[in-house]
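Sequence lines, in order, name chains A and B. Under my numbering, think of the first position of the first sequence as 2, with each following residue one higher. Under my numbering, think of the first position of the second sequence as 22, with each following residue one higher. Idealized CB from N, CA, C, for every residue including glycine. Below you'll find the structure, written out as structure tokens, and then a few comments.
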Amino acid sequence: MTKTDETRAALNELSPDECIRLLGDQSVGRLAVAFPGEPPTVVPVNYLIEGDVIVFRSDLGQKLTRLRQQPVAFELDHIDYVHRTGWSVLVQGVAYEATHFETDHLALHPWAEGEKSHWVRIVPSSITGRRLVLPEWPRSSRGYL
Amino acid sequence: MRDVDSHSRIEVIHVDECLELLRTAQVGRLAFVNGAASADVLPVNYVLDGDAVVFATATGSKLWSSERGSVAFEVDATDVETQSGWSVVVHGLAQEITSVDAPGLVARLRALPLNPWAGGDRPHLVRIAPRSITGRRVGGRGGPHDQDR
Chain A
2 MTKTDETRAA
12 LNELSPDECI
22 RLLGDQSVGR
32 LAVAFPGEPP
42 TVVPVNYLIE
52 GDVIVFRSDL
62 GQKLTRLRQQ
72 PVAFELDHID
82 YVHRTGWSVL
92 VQGVAYEATH
102 FETDHLALHP
112 WAEGEKSHWV
122 RIVPSSITGR
132 RLVLPEWPRS
142 SRGYL
Chain B
22 MRDVDSHSRI
32 EVIHVDECLE
42 LLRTAQVGRL
52 AFVNGAASAD
62 VLPVNYVLDG
72 DAVVFATATG
82 SKLWSSERGS
92 VAFEVDATDV
102 ETQSGWSVVV
112 HGLAQEITSV
122 DAPGLVARLR
132 ALPLNPWAGG
142 DRPHLVRIAP
152 RSITGRRVGG
162 RGGPHDQDR
């Protein structure tokens, strides 16, 4: 059963369509991967979204050059410090190494280019988002009111 | 002394500078392993207690299954225009601090300029004792193959 807009608004939740729109507006997100027995690896990546598939190409280091059928999370957020609001989007999905057939038409240049850059596609299984309600900022860095 | 990989232009940030960068920011992301063996990521307002990260959440340690969760805490800043940015990741154990803990610790943490107390429920105070603090910086696309500069 899908939620009504009223229900979502009350829970500060974003609809999947709103999340995809936000993903389309941004170009940097964070890949988070949980390898067994370790705390999650979190790294910002420069990405594109094609439909609802997230594509990125980055020199991510030894651990992340082979993401084959690995469950991954992809997070995006924006904080407005002036208005003390924000939003965050979290995609859960599976990462696949992409073939050049799938990526040739994309214009995506990672900010950090290394010899071992790999194309990765994240196919989402869930896309959720919410508005962040931030506390009052302290008036001075030394205390709070 | 800076460690820059000449090909990828990724600079390793040493731990002292990582801590300085952590002190400049106010929001970071808690990442923990969820019940489906994937990572959940949650932006939170935080402060440092020495080299430990302190933040508050509505649900506290219920977020991770065991009392002390092995988590990551990530802070970054990126500039799309200049294609540059830095990212610092703290790996450590997250523990909810309650009144059962040492009063000195509780008092010190509550005196930190972290202000979720205003408004509503008492949040759960969480402290990450770091096991490792690492950072990377990417400075731009300079290089022989870059046509734009």
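Does DSSP classify residue i as helix, strand or coil?
{"i": "residue 125/B", "result": "helix"}
{"i": "residue 17/A", "result": "helix"}
{"i": "residue 43/B", "result": "helix"}
{"i": "residue 8/A", "result": "helix"}
{"i": "residue 85/A", "result": "coil"}
{"i": "residue 78/A", "result": "strand"}
{"i": "residue 155/B", "result": "strand"}
{"i": "residue 25/A", "result": "helix"}
{"i": "residue 109/B", "result": "strand"}
{"i": "residue 51/A", "result": "strand"}
{"i": "residue 131/A", "result": "strand"}
{"i": "residue 37/B", "result": "helix"}
{"i": "residue 31/A", "result": "strand"}
{"i": "residue 131/B", "result": "helix"}
For the putative contact between residue i and residue j, defined by C-beta atoms under 8 Å, what is the C-beta separation to the nearest angstrom?
{"i": "residue 57/B", "j": "residue 41/A", "result": "No, residue 57/B and residue 41/A are not in contact; Cβ-Cβ is about 13 Å, not under 8 Å."}
{"i": "residue 25/A", "j": "residue 46/A", "result": "So it is not a contact: roughly 16 Å between Cβ atoms."}
{"i": "residue 43/A", "j": "residue 52/B", "result": "5 Å"}
Flag this pair as yes or no: are the beta carbons of residue i and residue j separated by less than 8 Å?
{"i": "residue 65/B", "j": "residue 49/B", "result": "yes"}
{"i": "residue 60/B", "j": "residue 33/A", "result": "yes"}
{"i": "residue 154/B", "j": "residue 54/B", "result": "no"}
{"i": "residue 160/B", "j": "residue 30/B", "result": "yes"}
{"i": "residue 1/A", "j": "residue 14/A", "result": "In this structure chain A extends from 2 to 146, so residue 1/A is not present and cannot be described."}
{"i": "residue 126/B", "j": "residue 67/B", "result": "no"}
{"i": "residue 162/A", "j": "residue 27/A", "result": "Chain A is shown from 2 up to 146; residue 162/A falls before or after that span and cannot be answered."}
{"i": "residue 119/A", "j": "residue 98/A", "result": "yes"}
Quick check on residue i: buried or exposed, where buried means 16 or more other Cβ atoms within 10 Å of its Cβ?
{"i": "residue 132/B", "result": "exposed"}
{"i": "residue 43/B", "result": "buried"}
{"i": "residue 52/A", "result": "exposed"}
{"i": "residue 125/A", "result": "buried"}
{"i": "residue 122/A", "result": "buried"}
{"i": "residue 89/A", "result": "buried"}
{"i": "residue 128/B", "result": "exposed"}
{"i": "residue 8/B", "result": "Examination of residue 8/B is not possible in this model, given that chain B is present from 22 through 170 alone."}
{"i": "residue 109/B", "result": "buried"}
{"i": "residue 77/B", "result": "buried"}
{"i": "residue 117/B", "result": "buried"}
So, at 6 Å on beta carbons, what are the nonlocal neighbours of residue i in its own chain, with the 5 sequence-adjacent residues on each side left out?
{"i": "residue 115/B", "result": "90, 92, 147 and 149"}
{"i": "residue 48/A", "result": "30, 55 and 57"}
{"i": "residue 46/B", "result": "96"}
{"i": "residue 33/B", "result": "24"}
{"i": "residue 92/A", "result": "75, 125 and 128"}
{"i": "residue 94/A", "result": "123, 124, 125 and 126"}
{"i": "residue 23/A", "result": "90"}
{"i": "residue 80/A", "result": "87"}
{"i": "residue 5/A", "result": "none"}
In chain order, what residues of the same chain have a beta carbon less than 8 Å from the beta carbon of residue i, not counting five sequence neighbours either side?
{"i": "residue 151/B", "result": "72, 73, 74, 111, 112 and 113"}
{"i": "residue 106/B", "result": "97, 98, 99, 100, 158 and 159"}
{"i": "residue 120/B", "result": "127"}
{"i": "residue 130/B", "result": "70, 75, 118, 146 and 148"}
{"i": "residue 40/B", "result": "69, 72 and 154"}
So does residue i have its beta carbon nearer than 7 Å to some heavy atom of the ligand MN?
{"i": "residue 88/A", "result": "What this structure holds is no ligand at all, so the ligand MN is not there to describe."}
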